[in-house]
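Counting from -10, one number per residue, gives the positions in the sequence shown under this note's numbering. Heads up, the thing below is written out as structure tokens.
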Amino acid sequence: MTGDRKQDDLPLSPEEEAEAAQHAQRQAAEGDASMKMFAGVRAQAAGPVTPVRLAPDDRFAFRCHRGVACWNACCHGADVTLTPHDILRLSRRLGIRPAELLERHTVPAVHEPSDMPVAKLKMAGEDGKGACGFMVAEGCSVYSDRPLTCRYYPLGLVSHKLKDSPAKEDFHFLVKEAHCQGHAETATQSVAEFRSEQAVAEYEEVNRGWVDILMKLASWKTLGGPMGKTPSIQARQMFFMVSTDVDRFRRFVFETRFLATYDIDRAAMAQIKVDDEALLRLGFDWLKNVLFNEPTVALKRDVLQGAVARARAGAGGV
Ligand code: SF4
Ligand code: SF4
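In structure tokens, the structure reads:
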């Protein structure tokens, strides 16, 4: 006989029962989700952008260069949500830490599909319709570290996930704003070629957990929130801390009861002390655990046993 166990053969342990019940609750609370994630349209652009779905091999005519009459027009009043990886790249580029970048170059905002707090790139002017602080006459002064939304432009990205599918599906759409002369150019490229030229894959990899969380919350928002509740103020604050300020999250991990609560091995602990991307991955896993009860971070055995005992006592068990 192998070590495999059929579910009918043996009773579940209390831990397995609790996990199975949580899994069923999570499944019941989710719906299909479709979220427009990145579309760097100007805030003053007239009318909504109508997404036309583009496959990786679809070609589109576009070229941006200094000779266009609209040079730098798209860097005024742009709607640029900064992803966690954008914040790390821009901070390193400027030789500052994320807290200073947030203070100097961003404004707080709400990501509407999910209702979660995010940081957007600050545009000049009281109405936010002025120039981006990184724009100079020659173009973008942080070009090789520009945010993901700027890299995608003039494409937008939609993430789509069906309730019963384990994986989400992304597709692009073309953003055609009236002021952008790049669409009148004859040069064409496929979506895949454009993505490769813009080097977006690294950003998508680092941001993966963050996008997963926003997707799930967007899905729950349409259903009234997880189990009928919206995330608490504290949960929103934790989300903002992890996604915008790795230094603050690192202090949270090493200077509170975090390591007494979660089972993080020595090698991982050594890595997150010095590796911001590794810390972000832990942060997203932790948020998935806190927000959705996903088994992405293991609780220490004594903490887990205490939680199960409290749950059983609350349910009238022994
Ligand atoms: S970061 Fe660069 S590309 Fe993006 S809006 Fe600012 S100046 Fe333009
Ligand atoms: S062509 Fe489009 S992307 Fe290029 S500068 Fe003009 S508005 Fe911006």
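Think of the CB as a built atom: it goes at the ideal place given N, C-alpha and C, for glycine as much as any other residue.
Query, Result
"Beta-carbon separation of residue 146 and residue 220 under 8 Å?", "no"
"Short of 7 Å in beta carbon distance, which residues of its chain neighbour residue 270, apart from the five on each side in sequence? Order them along the chain.", "198"
"How big is the Cα-Cα spacing for residue 168 and residue 98?", "26 Å"
"To which residues does DSSP link residue 186 through a beta bridge?", "Paired residues: none, contrary to the question."
"In the DSSP assignment, what residue or residues form a beta bridge with residue 177?", "50"
"Assign residue 162 to one of three DSSP states: helix, strand, or coil.", "strand"
"My understanding is that residue 111 touches residue 96, with C-beta atoms under 8 Å, so please give their C-beta distance in whole angstroms.", "5 Å"
"Which residues share a DSSP beta bridge with residue 95?", "110"
"Taking residue 286 as the reference, give the member of 293, 275 and 294 with the closest Cα.", "275"
"Going by beta carbon distance, what residues of the same chain come within less than 8 Å of residue 298, once the five residues before and after it are set aside?", "none"
"Using the rule of at least 16 other Cβ atoms within 10 Å of the residue's Cβ for burial, across every protein chain shown, is residue 79 buried or exposed?", "buried"
"Look at the alpha carbon of residue 231 and the alpha carbon of residue 175, and state the distance between them as a whole number of angstroms.", "43 Å"
"Please state the DSSP three-state secondary structure of residue 248.", "helix"
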